[in-house]
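Written out below as structure tokens is the structure these notes cover.
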Amino acid sequence: MTLTVGIIGAGRIGKIHVDNLRGNSQIRVKSVSDIATGHLEGWAKEKQIEVLTINYDDILNDPEINAVFICSPTNTHATIIKEAAAAGKHIFCEKPVSFSVEETEEALEVVEKAGVKLQVGFNRRFDPNFRKIREIVQAGQIGHPHILRITSRDPEPPNAEYIKSSGGLFMDMTIHDFDMARYIMGSEVIEVHAYGAVLVDPTIGEAGDIDTAIISLKFANGALGVIENSRRAAYGYDQRLEIFGDKGAAQADNNRANTVEVSTAEHVSKEKPLYFFLERYTQAYIDEVTGFATAVLENHQVICSGFDGLQAERIANAARKSLETGAPVQLNQLGQSATIL
């Protein structure tokens with residue numbers, strides 16, 4: 000059986016997905032749409048894309064296409080999700096689903112009624128190291144979790160134009176960490192307290208955002224969490240995680256070009272972390288599209304659902320509100336299941 004796919008949006012992430020999907024013998028990448036295609040003709044020919052179009056409706060109306068990948072700007076996601084679901088297509092959507100919880104809820108309702116699958120692009124769930132940490136927690140090897148610490152620092156800040164349209168640090172960067180917190184802990188976040196500052200680039204502050212943050216979390220299972228973010232780490236892409244429980248702890252360190260550590264009388268040294276997300280999460284990007292294709296072809300649940308996307312957005316909104324008010328913000332999750340399936 001083959002999954003025939005259409006890609007909506009041929010920017011950097013769309014092209015990454017094309018390469019990873021084409022590496023799977025069970026997947027056929029038939030069509031790609033983008034608002035402009037002239038600059039894509041040579042690339043599309045090289046990648047053996049059969050249809051290149053400026054109108055994504057051509058993808059939604061194609062009866063051969065089983066699934067769509069939404070890699071367009073965030074402000075288009077919810078609309079395209081609803082249209083794709085109505086067309087009976089399974090959906091992979093980059094994060095976040097939208098900038099509005101209400102919009103995301105509406106999109107998820109349409110998806111549920113249509114009976115199609117929706118996977119949200121939180122690729123870090125598919126990182127082998129982080130997945131191993133989750134397995135350790137679920138197996139009870141560290142006992143009852145007490146503290147989760149996530150460090151996430153980019154090697155360089157984005158430009159001001161990106162900041163203006165990104166939804167802010169909590170929505171475009173920390174949202175990965177919010178999802179990871181739920182994924183690793185296996186429990187919902189019930190309270191958020193966020194601190195933020197502009198310490199990296201003053202133009203980020205002028206655009207109304209922050210570039211440095213500390214976020215404290217309380218979970219429904221009683222555990223606590225801390226996330227720290229920076230838009231610039233001079234030494235590379237800093238991605239670490241530690242969870243501590245009553246029987247022990249587990250941690251995942253940075254990925255490096257090699258694991259060699261040199262010790263001399265003068266110094267001890269090792270390689271810097273891999274430079275950015277494309278290098279750090281190469282395998283995770285491959286595994287997330289493989290997981291989506293398998294879920295569709297074998298008809299089982301996706302690993303990162305629309306509900307997971309919605310919860311991460313709720314936490315991001317709570318963090319923003321906390322930053323604005325200077326006070327902790329309670330999330331209205333006490334009536335829902337505290338365990339993630």
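Start counting the sequence shown at 0; every next residue gets the next number (my numbering). For glycine and all other residues, C-beta sits at the position ideal for the given N, C-alpha and C.
Residues near residue i by beta carbon distance below 6 Å, same chain, minus five either side
| i | result |
| --- | --- |
| valine 28 | Val4, Val17, Leu20, Arg21 |
| glutamate 287 | Asn122, Phe125 |
| glycine 13 | Ile6, Cys70 |
| threonine 52 | Ser32 |
| glycine 224 | Leu147, Ala180, Leu216 |
| alanine 311 | Ile174, Phe177, Asp178 |
| glycine 167 | Asp208 |
| glutamine 335 | Confidence at glutamine 335 is low in this model, with a pLDDT of 41, below 50, so the placement of that residue should be treated as unreliable; the coordinate-derived value is given next. Once the five neighbours on either side are set aside, glutamine 335 has no close Cβ partner at all. |
C-beta contact flag for residue i and residue j at 9 Å
| i | j | result |
| --- | --- | --- |
| threonine 173 | isoleucine 203 | no |
| arginine 239 | isoleucine 149 | yes |
| phenylalanine 177 | alanine 283 | no |
| valine 50 | valine 31 | yes |
| tyrosine 194 | leucine 322 | yes |
| lysine 112 | alanine 84 | yes |
| valine 295 | lysine 131 | no |
| alanine 196 | threonine 211 | yes |
| valine 119 | aspartate 307 | yes |
| alanine 219 | glutamate 187 | yes |
| alanine 251 | asparagine 74 | no |
| lysine 88 | valine 109 | no |
| serine 151 | asparagine 228 | yes |
| leucine 309 | leucine 39 | no |
| valine 136 | isoleucine 183 | yes |
| threonine 258 | lysine 269 | yes |
| valine 96 | glycine 305 | yes |
Among the options, the one whose alpha carbon lies nearest that of residue i
| i | options | result |
| --- | --- | --- |
| tryptophan 42 | Ile79, His175, Ala9 | Ala9 |
| phenylalanine 169 | Val191, Gly185, Ser304 | Val191 |
| proline 72 | Ser164, Pro127, Ser151 | Ser164 |
| proline 154 | Arg231, Ala318, Glu93, Gln137 | Arg231 |
| arginine 133 | Glu270, Gly244, Lys269 | Gly244 |
| lysine 217 | Tyr280, Ala317, Cys92 | Ala317 |
| glutamine 329 | Ile64, Ile189, Leu2 | Ile189 |
| glutamine 47 | Val267, Gly167, Ile26, Ala159 | Ile26 |
| proline 144 | Ala180, Ala159, Gly167, Gly166 | Ala180 |
| phenylalanine 91 | Ala292, Ile34, Gly139, Gly166 | Ala292 |
| threonine 1 | Asp56, Glu63, Ile34 | Glu63 |
| proline 156 | Ala206, Gln137, Ile226, Val136 | Ala206 |
| glutamine 300 | Lys320, Arg313, Thr263, Gly114 | Gly114 |
| glutamate 104 | Pro327, Arg313, Thr263 | Arg313 |
Contacts around residue i, its chain only, beta-carbon distance under 8 Å, and the 5 residues preceding and following it disregarded
| i | result |
| --- | --- |
| asparagine 60 | Ala86 |
| isoleucine 15 | Leu277, Tyr284 |
| leucine 273 | Gly235, Tyr236, Asn253, Asn254, Arg255, Ala256, Arg279 |
| alanine 35 | Ile53 |
Residue range of the beta strand (DSSP E) that includes residue i
| i | result |
| --- | --- |
| lysine 269 | 267-269 |
| alanine 256 | Counting along the chain, alanine 256 falls outside any beta strand (DSSP E), and DSSP gives it neither H nor E. |
| lysine 29 | 26-32 |
| leucine 2 | 2-7 |
| threonine 263 | Taken as a continuous stretch (DSSP letters only), threonine 263 belongs to no beta strand (DSSP E), as it is neither H nor E. |
Same chain, Cβ closer than 7 Å to residue i, neighbours up to 5 away in sequence not counted
| i | result |
| --- | --- |
| alanine 248 | Ile141, Glu241, Ile242 |
| alanine 315 | Phe169, Met170, Thr173, Ile174, Phe177 |
| glutamate 102 | Ala77 |
| alanine 337 | Bear in mind that a pLDDT of 35 at alanine 337, under 50, signals an unreliable position, so the number given afterwards is only what the model happens to contain. Taken in chain order, the residues that qualify are Ser186, Glu187, Ala219, Asn220. |
| glycine 325 | none |
Continuous alpha helix (DSSP H) stretch holding residue i: start and end
| i | result |
| --- | --- |
| glycine 13 | 11-21 |
| lysine 44 | 40-45 |
Could you tell me which whole beta strand (DSSP E) segments of length 3 or greater appear in the stretch 60-146?
66-69, 89-92, 117-119
Hey, which unbroken runs of the alpha helix (DSSP H) at 4 residues or more fall wholly within the stretch 158-240?
Listed in chain order, the complete alpha helix (DSSP H) runs (minimum 4 residues) inside the stretch 158-240 are 159-165, 168-171, 173-184, 201-205.
Curious, which full-length alpha helix (DSSP H) runs of at least 4 residues does the stretch 277-339 contain?
281-297, 305-324
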